[in-house]
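Trainee: Residue numbers (the UniProt record's numbering), protein chains in the order written: chain A, 105 to 382; chain B, 105 to 382; chain C, 105 to 382. Note that the Cβ used here is the ideal one computed from N, Cα and C, for glycine as well. Since we're looking at a predicted model, the values are computed, not measured. So that we are looking at the same thing, I have put the structure below in structure tokens.
Structure representation (structure tokens):
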């Protein structure tokens with residue numbers, strides 16, 4: 105199948121970047137492409153993938169031959185978010201091990217999110233299917249999101265005993281106002297692509313059958329704009345929010361590291377992993 | 105009638121809270137409920153009710169058995185806002201009395217609005233009918249608003265010689281952008297529930313016939329989420345805005361205390377009270 | 105034709121204000137009116153017009169007989185934005201001349217935008233046709249925008265090697281969220297009046313045939329509100345954003361002055377002026 109073929113090539117990367125299972129990093133003309141490629145696991149993000157995406161965003165900043173950066177995904181899901189098997193070690197119940205794990209995960213997450221804050225090119229997201237957790241929250245730092253009508257957006261933090269990240273506690277109220285931000289981040293309603301469009305989290309929704317063609321056309325169009333202007337103007341638009349985003353990310357990571365050490369979180373994740381095994 | 109029956113029980117309250125005419129405070133399972141219950145006066149808010157709502161919000165913060173707080177109202181109106189008969193004393197025209205009244209009202213209002221800023225649980229508003237003035241402006245600090253299609257939203261500050269409060273000069277531009285905020289708060293257009301939904305001031309609108317059932321289902325659903333996560337996540341979402349909200353409230357109260365001592369305000373309120381008597 | 109008749113009277117102004125070609129400044133009852141009147145050049149804004157609009161906004165602040173300020177335009181276009189023939193001098197290619205020109209234009213622009221930030225009356229925009237560049241970006245500082253369905257909104261900064269101004273890097277993310285702000289200001293999509301309405305940049309859209317009548321009715325209605333309240337409440341709503349707007353304007357002007365001295369900008373403008381001549 106198409107998915108399997110793609111999965112086999114999952115470590116395609118650029119010179120100077122470490123190959124990462126589940127991630128493709130390529131260049132096509134003026135387009136720097138980062139592709140989630142772990143479709144058999146719904147593109148859940150492993151520690152290596154967090155670092156791989158971060159490194160790719162930094163590499164794109166340094167690359168003068170491309171003018172825009174694109175994040176997309178292979179398979180039916182955009183991304184199931186944080187791979188909760190990352191938390192398996194916590195099952196030991198040993199508070200010292202759990203604390204260590206929380207501290208490591210905090211640093212991993214902080215650097216990952218910072219690489220979106222400090223990105224210098226227009227960042228285009230192509231959301232072809234369901235997006236969950238961190239794969240939704242970082243969208244607030246993108247510049248253009250195209251979604252298929254098969255995409256959904258869900259940030260189930262409270263049910264999993266966790267707290268919002270991806271600088272979403274800053275970006276979501278700015279994008280959609282605090283009431284809608286609470287609807288998503290606090291009481292955790294799942295929304296459709298149409299609703300995400302209405303809420304300003306998505307710029308454009310198309311039928312799934314038209315998704316690939318529309319995506320190619322949009323990305324191509326944006327990539328032909330003068331590259332220096334794109335970079336200067338992206339920096340200008342980020343200027344006002346940069347410090348707030350970095351601070352928010354730091355605060356969110358602190359809160360989340362505490363949550364990861366809480367009983368509510370352990371119980372919720374244990375229940376989730378049990379359900380998943382069945 | 106239903107309204108009268110409800111009105112007779114209007115001082116239902118919780119142990120430790122002072123009973124207040126026109127206000128019910130109750131607990132149902134994991135839900136802390138505050139209900140405006142002065143339907144014969146369109147739930148206009150008296151000084152005792154301001155303090156009663158504030159005390160209830162503080163009591164809900166301290167209550168560990170409930171996970172969400174709900175504000176709703178009995179009768180056809182959600183609330184006519186500030187009870188303008190509060191200003192009757194000002195009719196004397198004595199600047200000293202008016203100044204005293206303005207200073208008292210300023211403190212009353214400031215503490216009332218602060219109790220929304222510092223609330224620690226998800227705050228759900230059930231707006232079954234027209235909402236006016238302060239009962240609209242504080243909605244910007246809620247986490248989820250369900251409105252009946254019979255609800256309307258009106259903040260007629262300028263026609264009454266007054267100025268926006270409820271931290272709305274901060275929350276409304278964040279929710280709907282400055283142009284729409286000016287449409288409501290500056291040139292004072294009344295909007296429907298559908299428009300309020302479009303503007304992000306309301307999360308969901310349902311037909312009046314489905315209002316009670318939908319409200320019960322929503323509140324019940326949210327109340328079953330892990331309580332500690334709800335509290336941590338509400339605090340996280342409020343974190344970025346807390347200082348701004350407190351400062352905005354203070355500034356708005358200062359400006360409003362000045363307005364209450366202005367000729368424009370006295371003339372407008374005198375005209376309003378005369379119209380109401382007819 | 106109507107346009108020509110209007111154009112002949114293009115220097116109508118008020119006592120104390122210097123007449124400016126392409127600009128009318130008048131008072132009608134409680135309405136202070138500023139009208140772009142250079143329809144044969146699509147109301148492109150000349151240096152004199154920048155200063156004339158700034159002076160008119162300041163004069164309206166000082167005028168106690170009017171309660172609202174209206175900006176409208178004659179002809180088919182609202183405004184083509186900055187008159188790019190302003191840049192003809194740059195064609196010399198002499199870096200010293202270009203730098204001087206950039207510094208002068210920076211000061212002109214800064215003072216122009218500041219006069220919107222510090223305006224003290226409700227500012228109503230009547231957008232009867234296409235709006236481009238600076239005539240779009242300043243709309244974020246208005247209080248009510250009525251648009252004809254013939255209006256469009258376009259800010260093609262990157263294609264012209266330029267960067268956003270008009271404090272739009274602050275107001276646009278607040279109005280429509282950062283993703284939609286990037287759609288307009290970074291990748292430069294042109295939008296219809298309906299889309300601008302959806303994005304909160306326009307309060308109301310009407311069919312072109314109803315535009316004049318609706319505009320007259322709206323402006324008349326707002327102008328009858330108590331003038332002191334309007335001024336106090338406008339100041340209150342601006343209070344939270346004033347410093348940010350001034351700082352943003354300063355930063356945007358600095359960045360733009362650099363862009364004006366860049367090769368990308370010179371090539372883009374040279375190409376534009378060549379196309380226009382054909």
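Using a Cβ-Cβ cut-off of 6 Å (strictly less than) and excluding sequence neighbours within five positions of residue 303 of chain B, which residues of its own chain qualify?
Mentor: As a first step, residue 303 of chain B must be located in the second chain, where it is residue number 199. The answer, listed in chain order, is 280 and 284.
Trainee: May I have the straight-line CA-CA distance separating residue 155 of chain C from residue 241 of chain A, to the nearest angstrom?
Mentor: Indexing the third chain from 1 puts residue 155 of chain C at position 51. Indexing the first chain from 1 puts residue 241 of chain A at position 137. Their Cα atoms are separated by approximately 44 Å.
Trainee: Examine the Cβ distances between the segment 223 to 234 of chain B and the segment 170 to 178 of chain B and report whether three or more of them are shorter than 8 Å.
Mentor: Contact holds: three or more Cβ-Cβ distances are below 8 Å.
Trainee: My output table needs one value for residue 345 of chain C: the three-state DSSP class, helix, strand or coil.
Mentor: The residue labelled residue 345 of chain C in the question sits at position 241 within the third chain. Note: residue 345 of chain C maps to coil in three-state DSSP.
Trainee: Could you check the C-alpha separation between residue 232 of chain A and residue 282 of chain C for me, to the nearest Å?
Mentor: One-based indexing of the first chain puts residue 232 of chain A at position 128. One-based indexing of the third chain puts residue 282 of chain C at position 178. Each residue's Cα considered, the two are about 21 Å apart.
Trainee: Residue 239 of chain A and residue 341 of chain B - do their beta-carbons sit closer together than 9 Å?
Mentor: Here the question's residue 341 of chain B lines up with position 237 in the second chain. Here the question's residue 239 of chain A lines up with position 135 in the first chain. Cβ atoms of residue 341 of chain B and residue 239 of chain A: not closer than 9 Å.
Trainee: Cβ of residue 261 of chain C within 8 Å of any heavy atom in the ligand MN?
Mentor: Summarising the ligand content, the structure contains no ligands, and the ligand MN is consequently not present.
Trainee: Would you mind reading off the limits of the beta strand (DSSP E) that contains residue 329 of chain C?
Mentor: By one-based count along the third chain, residue 329 of chain C stands at place 225. For residue 329 of chain C, there is no enclosing beta strand (DSSP E), since its DSSP letter is neither H nor E.
Trainee: Per DSSP, what kind of secondary structure is residue 366 of chain A in: helix, strand or coil?
Mentor: Residue numbering aside, residue 366 of chain A sits at position 262 when the first chain is read from its first letter. Under the three-state reduction of DSSP, residue 366 of chain A is assigned to coil, being neither helix nor strand.
Trainee: May I have the straight-line CA-CA distance separating residue 375 of chain C from residue 353 of chain A, to the nearest angstrom?
Mentor: Your numbering for residue 375 of chain C matches position 271 in the third chain. Your numbering for residue 353 of chain A matches position 249 in the first chain. Whole-angstrom Cα-Cα distance: 43 Å.
Trainee: Can you tell me whether DSSP reads residue 319 of chain A as helix, strand or coil?
Mentor: As a working mapping, residue 319 of chain A is identified with position 215 in the first chain. Here residue 319 of chain A sits in helix by DSSP.
Trainee: Give the straight-line distance between the Cα atoms of residue 314 of chain A and residue 314 of chain C, rounded to the nearest whole angstrom.
Mentor: Taking the first residue of the first chain as position 1, residue 314 of chain A is located at position 210. Taking the first residue of the third chain as position 1, residue 314 of chain C is located at position 210. Spanning the two alpha carbons is a distance of roughly 37 Å.
Trainee: Residue 247 of chain B: which of B:337, B:131 and B:148 sits nearest, CA to CA?
Mentor: Within the second chain, numbered from 1, the residue matching residue 247 of chain B stands at position 143. Among B:337, B:131 and B:148, the Cα nearest to that of residue 247 of chain B is on B:337.
Trainee: Identify the contact partners of residue 313 of chain B in chain C, using a Cβ-Cβ distance below 9 Å as the criterion.
Mentor: The residue labelled residue 313 of chain B in the question sits at position 209 within the second chain. Within 9 Å Cβ-Cβ: nothing; residue 313 of chain B doesn't reach chain C, min ~29 Å.
Trainee: Tell whether a beta-carbon distance below 9 Å holds between residue 270 of chain A and residue 217 of chain A.
Mentor: Counting from 1 along the first chain, the entry for residue 270 of chain A is found at position 166. Counting from 1 along the first chain, the entry for residue 217 of chain A is found at position 113. Yes. Within cutoff.
Trainee: So, with DSSP's three-state summary, where would you put residue 168 of chain A?
Mentor: Numbered from 1 along the first chain, position 64 holds the residue referred to as residue 168 of chain A. Coil at residue 168 of chain A, not helix or strand.
Trainee: Buried or exposed: which applies to residue 256 of chain C, given that a residue is buried once 16 or more other Cβ atoms fall within 10 Å of its Cβ?
Mentor: Against the third chain, residue 256 of chain C aligns to sequence position 152. Per the 10 Å Cβ criterion, buried.
Trainee: Mapping DSSP to helix, strand and coil, what is residue 177 of chain B?
Mentor: Residue mapping note: residue 177 of chain B aligns to position 73 of the second chain, counting from 1. DSSP, read as helix, strand or coil, puts residue 177 of chain B in strand.
Trainee: Measuring CA to CA, which of B:261, B:168, B:198 and B:153 is closest to residue 177 of chain B?
Mentor: For the purposes of this step, residue 177 of chain B is identified with residue 73 of the second chain, where counting begins at 1. Ranking B:261, B:168, B:198 and B:153 by Cα distance to residue 177 of chain B puts B:153 first.
Trainee: Spatial neighbours of residue 267 of chain B within its chain, please: CB distance less than 6 Å, with the 5 preceding and 5 following residues excluded, ordered by chain position.
Mentor: Start at 1 with the first residue of the second chain, and residue 267 of chain B comes out as number 163. Hits under 6 Å: 261, 359, 360 and 363.
Trainee: Within its chain, find whatever has a CB closer than 8 Å to the CB of residue 186 of chain A; leave out the 5 residues flanking it on each side and keep chain order.
Mentor: Taking the first chain and counting its residues from 1, the one referred to as residue 186 of chain A is at position 82. 148, 149, 237 and 238, listed in sequence order.
Trainee: Grouping DSSP H, G and I as helix and E and B as strand, with all else coil, what is residue 160 of chain A?
Mentor: Taking the first chain and counting its residues from 1, one reaches residue 160 of chain A at position 56. In the structure shown, residue 160 of chain A sits in a helix (DSSP, three-state: H, G or I).
Trainee: At 9 Å on the CB atoms, spell out the chain C contacts of residue 261 of chain B, in chain order.
Mentor: For the purposes of this step, residue 261 of chain B is taken as residue 157 along the second chain, with counting starting at 1. Within chain C, the residues near residue 261 of chain B are 333 and 337.
Trainee: Residues of the segment 286 to 302 of chain B with a CB closer than 8 Å to any CB of chain C: list them in chain order, please.
Mentor: 286, 287, 289, 290, 291 and 292
Trainee: Using DSSP with H/G/I as helix, E/B as strand and the rest coil, what is residue 220 of chain A?
Mentor: Your numbering for residue 220 of chain A matches position 116 in the first chain. Residue state, collapsed to three classes: helix.
Trainee: Relative to the C-alpha of residue 367 of chain B, which residue among B:316, B:198, B:312 and B:346 is closest?
Mentor: Here residue 367 of chain B corresponds to residue number 263 of the second chain, with the count starting at 1. Selection B:316, B:198, B:312 and B:346 evaluated against residue 367 of chain B yields B:198 as nearest (Cα-Cα).
Trainee: Checking contacts by CB at 9 Å: is residue 363 of chain B closer than that to chain C?
Mentor: Start at 1 with the first residue of the second chain, and residue 363 of chain B comes out as number 259. So, interface residue.
Trainee: Of all the options B:316, B:168, B:140 and B:141, which has the alpha carbon lying nearest to the alpha carbon of residue 133 of chain B?
Mentor: Reading the second chain from its first residue, position 29 is the one you call residue 133 of chain B. The option with the nearest alpha carbon to residue 133 of chain B is B:168.
Trainee: What residues from chain A crowd round residue 198 of chain B, counting only those whose CB sits closer than 9 Å?
Mentor: For the purposes of this step, residue 198 of chain B is identified with residue 94 of the second chain, where counting begins at 1. Under the 9 Å cutoff, chain A gives no residues; its nearest Cβ is about 42 Å from residue 198 of chain B.
Trainee: Please report whether the beta-carbon of residue 181 of chain A lies at a distance below 9 Å from any beta-carbon of chain C.
Mentor: Taking the first residue of the first chain as position 1, residue 181 of chain A is located at position 77. Not closer than 9 Å to any Cβ of chain C, the Cβ of residue 181 of chain A fails to qualify, so no.
Trainee: Out of A:310, A:332, A:294 and A:312, state which residue places its alpha-carbon closest to the alpha-carbon of residue 291 of chain C.
Mentor: One-based indexing of the third chain puts residue 291 of chain C at position 187. The shortest C-alpha separation from residue 291 of chain C is found at A:332.
Trainee: For residue 154 of chain B and chain A, any beta-carbon pair shorter than 9 Å?
Mentor: Counted from its first residue, the second chain places residue 154 of chain B at position 50. Output row for residue 154 of chain B: interface = no.
Trainee: Exposed or buried, which one is residue 380 of chain B when buried takes at least 16 other CB atoms within 10 Å?
Mentor: By 1-based counting over the second chain, the position of residue 380 of chain B is 276. Residue 380 of chain B should be labelled exposed.
Trainee: Hey, out of A:252, A:275 and A:254, whose CA is closest to residue 245 of chain A's CA?
Mentor: The residue you call residue 245 of chain A lines up with position 141 of the first chain. Cα-wise, what sits closest to residue 245 of chain A is A:275.
Trainee: Output needed for residue 191 of chain C: all residues of its chain with C-beta closer than 6 Å, excluding positions within five of it in sequence on either side, in chain order.
Mentor: Indexing the third chain from 1 puts residue 191 of chain C at position 87. Taken in chain order, the residues that qualify are 373.
Trainee: Please go through the same chain and pick out, in chain order, the residues whose beta-carbon is closer than 7 Å to the beta-carbon of residue 377 of chain B, but skip the five residues on each side of it.
Mentor: Translated into the one-based positions of the second chain, residue 377 of chain B becomes position 273. 188, listed in sequence order.
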